[in-house]
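So for the sequence shown, the numbering used here puts the first residue at -2; every next one is plus one. Ideal placement from N, C-alpha and C gives every residue a C-beta, glycine not left out. Step one of this worksheet: look at the structure below.
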Amino acid sequence: MFPIYDDVPTKKFPLITIALIVMNSIVYLYQMSLGEGFTEFIYSMGLLPFEITHHIDLFPSGPSPIYLTIFSSMFMHGSIVHLLGNMLFLWIFGNNVEDYLKRKKFLIFYLICGIAAALTQIFINPNSKVPMVGASGAIAGVLGAYLLLYPRAKVTTVIIFGFFIRLIKIPAVVVLSFWIIYQFLYGISSLAVGAGEGGVAWFAHIGGFICGVILIKLFKPFVK
């Protein structure tokens, strides 16, 4: 199940959503320009839970204070597939949430969800020395907000089953419920092998999503 686009029109140009997509893309292009320094950059600017919980900056050195990696890691990606997947989800669902919250509130909302996602992963595996990078935690918050705001929206989705490939319009509540259940299942299974010791930061996604659901309710009285 892979979403392509939704049927919810926007009233205003999604400036912040596009700016975030451009910023993430520029950072990734910079990462690629580093050549062999790509991995070193990931370890220096990515989020290592061990550094945060032990108040220490491991080699290679990162920003000062080291807590800034919570923000820098939100704009970094480990591969082009990682980047494209995240940016597609941000474009599909972010423009509508931005339309609802307006630009300034949406940016604040996005960053808070990203922070919540990072803190969740740190809490689950505080001693991990594996760098966490990617916008997916913040985007998960956007998905949580979209689920509450537009549950009946139709999301055109690619369904692949063997050689069977088809585009189907599916209610957002089904697409996003499937997504978060998937995160929970893999997150729980990852506990058996050591959460955060490589691969996907499942609990960052879960934390970001839950934060998005809560925040969109808190922001509602201030939306005009």
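By the CB criterion at 8 Å, residue 104 and residue 13 fall inside the cutoff. Counting only runs of 4 or more residues that sit fully inside the region 100 to 163, the alpha helix (DSSP H) segments are 100 to 121 and 133 to 146, in chain order. Per DSSP, residue 96 is one residue of the alpha helix (DSSP H) stretching across 77 to 98. Counting C-beta atoms within 10 angstroms of its own C-beta, residue 3 has 16 or more neighbours from the protein chains shown and is therefore classed as buried. Looking at 24, 122, 98 and 5, the one whose alpha-carbon comes closest to that of residue 220 is 98. Counting C-beta atoms within 10 angstroms of its own C-beta, residue 7 has fewer than 16 neighbours from the protein chains shown and is therefore classed as exposed.
With the rule of 3 Cβ pairs closer than 8 Å, the region 76 to 92 counts as touching the region 115 to 135. In this structure, the alpha-carbon of residue 76 lies about 22 Å from that of residue 65. When DSSP states are grouped into helix, strand and coil, residue 167 belongs to the strand group. Contact between residue 141 and residue 197 is ruled out by a C-beta separation of about 18 Å, above the 8 Å threshold.
In the structure shown, the three-state DSSP call for residue 67 is helix. Taking C-alpha positions only, residue 172 is separated from residue 153 by approximately 10 Å. In the DSSP secondary-structure assignment, residue 0 is bridged to 154. CA-to-CA, the gap between residue 128 and residue 45 works out to about 5 Å.
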